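Working notes, structure below.
Set out below in structure tokens:
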């Protein structure tokens, strides 16, 4: 299965459970394969060049929190999860997401 098909499969599963696609982190070769000339294919989600193929999803969580999940685009499912307080500043949220992205990259490098 190619990365575009994996993305479609992951999207369908997450959407079924109420998650919204927020960002795509893509290797340049995956971006060329999956996005082509139509960047609107992914519901307006931000597409970023990265050193790993992964998808960011979010959805409301309990106690007015917001859940974010970073899902690796690979045969074997792997994801990192974090929740944020409703009043947590966006800068703090982004810092945590950057750390999660770095952890995902480290995981993806493992043999």
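In the working numbering, the protein residues as written are 1400 to 1510.
Think of the CB as a built atom: it goes at the ideal place given N, C-alpha and C, for glycine as much as any other residue.
All values reported here derive from a predicted model rather than from experimental measurement.
Apart from the five residues just before and just after residue 1444, which ones in its own chain have a Cβ nearer than 7 Å to its Cβ?
The answer, listed in chain order, is 1420, 1421, 1422, 1423.
How long is the line joining the alpha carbons of residue 1492 and residue 1504, rounded to whole angstroms?
Cα-Cα distance, rounded: 18 Å.
Got a sec? Which residues, its chain only, sit under 7 Å from residue 1433 by beta carbon, not counting five neighbours each side?
Hits under 7 Å: 1402, 1403, 1406, 1425.
So is residue 1456 buried or exposed if we call it buried at 16+ other beta carbons inside 10 Å?
Buried, by the Cβ-count rule.
Got a sec, what are the start and stop residues for the alpha helix (DSSP H) residue 1492 sits in?
Run containing residue 1492: 1489 to 1508, per the alpha helix (DSSP H) assignment.
Residue 1486 to residue 1413, Cα distance in whole Å?
Approximately 25 Å between the Cα atoms of the pair.
Tell whether a beta-carbon distance below 7 Å holds between residue 1478 and residue 1468.
In contact: residue 1478 and residue 1468 (Cβ atoms closer than 7 Å).
Just checking my contact of residue 1464 with residue 1484 at CB under 8 Å: how many whole Å lie between their CB atoms?
Right, their Cβ atoms sit about 6 Å apart.
Which value, in whole angstroms, describes the spacing of the CA atoms of residue 1472 and residue 1488?
Roughly 28 Å between the two C-alpha positions.
Determine, using beta carbons only, whether residue 1495 and residue 1474 come nearer to each other than 7 Å.
No, these two residues do not count as a Cβ contact at 7 Å.
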